[in-house]
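Single-structure report; data block below.
Protein chains in written order, with my numbering: chain A, 579 to 1020; chain B, 7 to 238.
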């Protein structure tokens, strides 16, 4: 019976296409507006989240900070303490942190600048490459969102063994090695202060405009500076310093970690480790807290505008009710015949409620599809505009335009509810007809 | 003798009861129709025959008196049970066919099954059987507006027969047809009566049509004024 009613309803709706479409218009406009607005709101939000994440959202920035005096009067005599070798955060501390919070902490991205230098080709004095030497932990590549182009990344073993290995940029590799495979080749780097380091290339990373800026074409290609990465411990050794730990570094979190909680855990962990250090402690913070506020603002705006759009759903519902009343009057005879043939009142009521629901659901579905389409289009346009305005950050701005599943589900639910609410009164009117009056209706 | 299909005792129908324009249409009708009878109720328009038909067809309630359909007191039934009685025990054939315009012949014949308890699987077969009985199986997929008047009425008869009702109640079934097709429809009723032993109540204003039936009940001004044939 129920299934038959649905079929009947669809037949009835399609036998009056124009009228049905006009009736649905209110629902279509209401639903599509809600979908468009939630799509755009959601896209802005996820774009911000993704962009901020790509710039360190899923990391905790951490540094060694002096313990400032607690009392006002102590400030006058206070001098910033000098960082000693044992004030730095060591790899052992990080390993301990990972062991304590394996579900949150993945690793540490730390770097130490060694200086600028020039790679010189012994065989060909015209062939050279300008580089900046950076000591890094293996996680640095992931933190900077750099892709490995060839070879391998630096490893913990490289660090522990203070190996003289390096990663170079693909742009440099291509030019300096003239297209030949650079992996395993030995480079001789002369630093600006006159030291010469011999380094073996183990990997090539892809140059990233967003990180290093657009390629400056005003400088001849061979003079352009690229970043060369060596194990951070190797860098310390080459600098001749006693330092083996990190001062400023970023702690990488697992994808599922709660950034706020992780920040608290990291702070607590280091509070304990540095409990005996009178001069220094560790400060940790994250970008998530700034995003919380932005998200709240966007949510409020989305909700408010959606609410306004939802009003047209009510207007649409009244339209549905109106047309159902007309339809029932037109079909009084039919209702009479159905009753004479044995249709119970509740069956008649069900038939017309289902027809109203179907009308609203079809309208709702059209609205959703329209909303998804227009939302995607607007998202594309917005993405295009942003990419062009901030083209150097192109790789960092991650436009994510997708309709909100929640909004779609709610829209379907509410259009169905509209059908029930505005269809019940006309349907009930039909069900209450006296069979004899309905049958004789002219 | 077994319980008659229709037993009416002192049926009175009053409209606008208690109001200044109170109007008594039926003044105490006594009528018994037995199993297998082909009865016609004849009367001029305004005689009350349509009102009587509505009461027989469980479409309307009498103001007083008793009406037993197959021994059941119809008046005491709830709306819901009366719907089921109409669905299962009465087959209506109307003057203006009253087919559903958007449904084809087959669907129209299936409507009473839809409101009954029949399993969906057997519905189509049964409806086709009925259409074959009235010689309409080849037009099963046609909509009412693609059928002639006679064809429409045959579909309507197939629809009336589908739940194997206790009575076929035909209200001026030939009224909208020319005399030739009207005769064809009447022949169909005779066939149902003779071959299947159906109880048929024919409401008409036409003496000629009534003459074809076994028994004629003439109604005038809300009273039965003459009976011819039958066991009375």
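C-beta: ideal position from N, C-alpha, C; glycine also. As the structure is a prediction and not an experimental result, all values here were calculated from the model.
I want to verify the contact list: residues of chain B whose CB lies under 7 Å from the CB of residue i, in sequence order.
| i | result |
| --- | --- |
| residue 575 of chain A | Absent from the model: residue 575 of chain A. The displayed extent of chain A is 579 to 1020, so no value can be given. |
| residue 922 of chain A | 86, 89 |
| residue 933 of chain A | Result: empty, since nearest Cβ-Cβ is about 12 Å, beyond 7 Å. |
| residue 925 of chain A | 121 |
| residue 1021 of chain A | The structure shown does not extend to residue 1021 of chain A, since chain A is modelled only from 579 through 1020, so no value can be given for it. |
| residue 582 of chain A | 120 |
| residue 948 of chain A | The contacting residues do not exist; residue 948 of chain A stays about 28 Å from chain B at best. |
Considering just the uninterrupted stretch of the alpha helix (DSSP H) at residue i, what are its terminal residues?
| i | result |
| --- | --- |
| residue 213 of chain B | 213-217 |
| residue 721 of chain A | 718-721 |
| residue 161 of chain B | 155-167 |
| residue 665 of chain A | Looking at the DSSP string, residue 665 of chain A is not in any alpha helix (DSSP H), and its letter there is neither H nor E. |
| residue 655 of chain A | Segment: none, residue 655 of chain A is in no alpha helix (DSSP H) and carries neither H nor E. |
| residue 1004 of chain A | 983-1009 |
| residue 196 of chain B | 185-202 |
| residue 582 of chain A | 580-592 |
In terms of residue numbering, what span does the beta strand (DSSP E) encompassing residue i cover?
| i | result |
| --- | --- |
| residue 20 of chain B | 12-21 |
| residue 712 of chain A | 706-714 |
| residue 696 of chain A | 683-698 |
| residue 643 of chain A | 637-644 |
| residue 768 of chain A | 764-769 |
| residue 1017 of chain A | Premise fails: residue 1017 of chain A lies in the alpha helix (DSSP H), 1013-1018, not in any beta strand (DSSP E). |
| residue 803 of chain A | 803-809 |
At 7 Å on the CB atoms, spell out the chain A contacts of residue i, in chain order.
| i | result |
| --- | --- |
| residue 93 of chain B | 919, 920 |
| residue 66 of chain B | 1014 |
| residue 122 of chain B | 920 |
Could you tell me the distance, in whole angstroms, from the CA atom of residue i to the CA atom of residue j?
| i | j | result |
| --- | --- | --- |
| residue 237 of chain B | residue 40 of chain B | At residue 237 of chain B, the pLDDT of 48 sits below 50, so the modelled position is not reliable; the number obtained from the coordinates is stated separately. Their backbone Cα atoms lie some 9 Å apart in a straight line. |
| residue 63 of chain B | residue 98 of chain B | 8 Å |
| residue 163 of chain B | residue 140 of chain B | 8 Å |
| residue 9 of chain B | residue 599 of chain A | 56 Å |
| residue 174 of chain B | residue 59 of chain B | 11 Å |
| residue 753 of chain A | residue 832 of chain A | 37 Å |
| residue 809 of chain A | residue 744 of chain A | 7 Å |
| residue 13 of chain B | residue 24 of chain B | 28 Å |
| residue 1022 of chain A | residue 903 of chain A | The structure shown does not extend to residue 1022 of chain A, since chain A spans only 579 to 1020, so no value can be given for it. |
| residue 896 of chain A | residue 964 of chain A | 41 Å |
| residue 234 of chain B | residue 905 of chain A | 47 Å |
| residue 778 of chain A | residue 866 of chain A | 39 Å |
| residue 48 of chain B | residue 61 of chain B | 16 Å |
| residue 704 of chain A | residue 827 of chain A | 38 Å |
| residue 697 of chain A | residue 737 of chain A | 22 Å |
| residue 50 of chain B | residue 216 of chain B | 13 Å |
| residue 801 of chain A | residue 860 of chain A | 40 Å |
| residue 1042 of chain A | residue 152 of chain B | This structure does not reach residue 1042 of chain A, given that chain A is present from 579 up to 1020, and the question cannot be answered. |
| residue 15 of chain B | residue 934 of chain A | 45 Å |
| residue 94 of chain B | residue 117 of chain B | 12 Å |
| residue 578 of chain A | residue 711 of chain A | Lying outside 579 to 1020, the shown extent of chain A, residue 578 of chain A is not represented and no answer is given. |
| residue 825 of chain A | residue 879 of chain A | 41 Å |
| residue 653 of chain A | residue 856 of chain A | 16 Å |
Run down chain A in chain order and give the residues with a C-beta less than 9 Å from the C-beta of residue i.
| i | result |
| --- | --- |
| residue 134 of chain B | Residues of chain A passing the Cβ test: none, with the nearest at roughly 18 Å. |
| residue 117 of chain B | 915, 916, 919, 920, 921 |
Rank the options by C-alpha distance to the C-alpha of residue i and give the top, closest one.
| i | options | result |
| --- | --- | --- |
| residue 798 of chain A | A/707, A/648, A/581, A/990 | A/707 |
| residue 993 of chain A | A/647, A/603, A/624 | A/603 |
| residue 910 of chain A | A/582, A/590, A/1017 | A/1017 |
| residue 943 of chain A | A/590, A/829, A/610 | A/610 |
| residue 741 of chain A | A/747, A/731, A/749 | A/731 |
| residue 701 of chain A | A/711, A/765, A/928 | A/765 |
| residue 814 of chain A | A/1003, A/689, A/981, A/805 | A/689 |
| residue 719 of chain A | A/760, A/687, A/582, A/853 | A/687 |
| residue 125 of chain B | A/666, A/582, A/626, A/841 | A/582 |
| residue 155 of chain B | B/190, B/79, B/89 | B/190 |
| residue 899 of chain A | A/683, A/830, A/1001, A/850 | A/1001 |
| residue 950 of chain A | A/989, A/922, A/917, A/665 | A/989 |
Starting from the beta carbon of residue i, find every residue of chain A whose beta carbon is closer than 8 Å, and list them in chain order.
| i | result |
| --- | --- |
| residue 60 of chain B | 1014 |
| residue 98 of chain B | 918, 919 |
Can you list the residues of chain B that residue i reaches, using a CB-CB cut of under 8 Å?
| i | result |
| --- | --- |
| residue 590 of chain A | 108 |
| residue 937 of chain A | Result: empty, since nearest Cβ-Cβ is about 16 Å, beyond 8 Å. |
Could you check if residue i belongs to the surroundings of the ligand GDP, using beta carbon to heavy atom distance under 8 Å?
| i | result |
| --- | --- |
| residue 658 of chain A | Inclusion of the ligand GDP in the displayed structure is not the case, the ligand content being empty and no account of it being possible. |
Which chain B residues are close to residue i, counting only those with a beta carbon under 9 Å from its beta carbon?
| i | result |
| --- | --- |
| residue 881 of chain A | Here the premise fails: no neighbours, minimum Cβ distance about 43 Å. |
Output the residue ranges of the beta strand (DSSP E) runs that lie fully inside the stretch 86-145 of chain B and measure 3 residues or longer, sorted by chain position.
If only complete runs of 3 or more residues are kept, the stretch 86-145 of chain B shows the beta strand (DSSP E) at 96-99, in order along the chain.
Those runs of the beta strand (DSSP E) which lie wholly inside the stretch 824-881 of chain A and span at least 3 residues
826-831, 858-863
Where are the alpha helix (DSSP H) runs, 4 residues long or more, that stay fully inside the stretch 41-75 of chain B, in chain order?
You should have 55-62.
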